[in-house]
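Offset between the sequence shown (1-based) and the working numbering: plus 15. We put the CB at the ideal spot given by N, CA and C, even for glycine. Predicted model only: the values in this text are computed from it and were never measured. Accompanying notes for the structure given below.
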Amino acid sequence: MANIEALRQSRKTERAAFTKAYNRVEELIALEGVDISELEAELNVFKGKVDHLENTQSNILEHLPEKEYDAEFEVLEDFRNKAIRI
């Protein structure tokens, strides 16, 4: 069970990084004279954060009992949908 707690702690950090990167991309998209190169770079950073978060979340799901799986999966879907919308 210690492994899942370590994964959850990692996920907490990764969610914060995801949110920070997401907000940065949103800021750039809202700018009228956005530098496309900067936007592409930030999108690449964001994609990396998404990949790390999804990997950690998948590892967590593998260790969960079935009764906890559905709730955790819904949270994962919320983050996926947010990433797709950007």
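Asked	Found
Give the single residue among Asn-59, Leu-46 and Asp-50 whose Cα lies nearest to the Cα of Phe-33.	Asn-59
Looking at Glu-42: is its Cβ nearer than 8 Å to the Cβ of Leu-68?	no
Based on Cα-Cα distance, which residue from Glu-81, Lys-82, Gly-63 and Glu-87 lies nearest to Ser-73?	Glu-87
Distance, Cα to Cα, Tyr-37 vs Gly-63?	11 Å
So, helix, strand or coil for Leu-76, using DSSP?	helix
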